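>
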Amino acid sequence: MSNRVEDLERQVAELQAAVNGLTEELVEMKERVRQVEDAQEVSVDADATASAESAQAAESAQASAESDEAAAAESEATGGERRTHSDDHVDVVERTDDGSAADESEAEASEGDDVIVPEREATTPDAEAADGADADGEGDEESDSDIIVA
1 MSNRVEDLER
11 QVAELQAAVN
21 GLTEELVEMK
31 ERVRQVEDAQ
41 EVSVDADATA
51 SAESAQAAES
61 AQASAESDEA
71 AAAESEATGG
81 ERRTHSDDHV
91 DVVERTDDGS
101 AADESEAEAS
111 EGDDVIVPER
121 EATTPDAEAA
131 DGADADGEGD
141 EESDSDIIVA
């Protein structure tokens, strides 16, 4: 009977360690998501500012040219691409023409447009959790009482 109790206690300890590791990983991932969302907000704000400036330029172009010519100028100004946002916070760039206009105006467009690309982690979350568990013996003791429910 005592052997069974020891086995159950060992299993409980293993499960608690797994829960603690997953909880730490969840907290780290939420922080990374916040950082990526903050970076995207900055880039969206910059895009909105650039769009407002290009909208003013487009209004003056429409006043002096026909609507077809203004649409072609706007397509050239954006490099033949249209940026949209999906519900899962991913920027999607769509081609609006065959790309020949984009090649001609690429040098002009690249002068004022900076694209911010977040760096990708070279390791997987599982490897990071294993490294964190090996290097951090104190983390398990501290997070025994810190259970976060999402």
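Heads up: the sequence shown runs through residues 1 to 150, numbered per the UniProt record's numbering.
Note that CB positions come from ideal geometry on N, CA and C, so glycine has one too.
The model shown is predicted, which means the values in this text are computed figures rather than measured ones.
1. Could you tell me the distance, in whole angstroms, from the CA atom of L22 to the CA atom of R32?
2. Which value, in whole angstroms, describes the spacing of the CA atoms of V19 and E25?
3. Which class does A109 belong to by DSSP, given the choice of helix, strand or coil?
4. Would you report the Cα separation of S43 and Q16, rounded to the nearest angstrom?
Taking the coordinates as given:
1. In the sequence shown, counting from the first residue as 1, residue 22 sits at position 22. In the sequence shown, counting from the first residue as 1, residue 32 sits at position 32. Near 15 Å, if we compare the C-alpha coordinates of R32 and L22.
2. Within the sequence shown, the letter at position 19 stands for residue 19. Within the sequence shown, the letter at position 25 stands for residue 25. So the alpha carbons of these two residues sit roughly 10 Å apart.
3. Position 109 of the sequence shown, counting from 1, holds the residue named residue 109. The predicted position of A109 is uncertain, since its pLDDT is 48 and thus under 50; a value taken from the coordinates is nonetheless stated next. Helix, per DSSP.
4. The residue given as residue 43 occupies position 43 in the sequence shown. The residue given as residue 16 occupies position 16 in the sequence shown. Rounded to whole angstroms, S43 to Q16 spans 41 Å at the Cα level.
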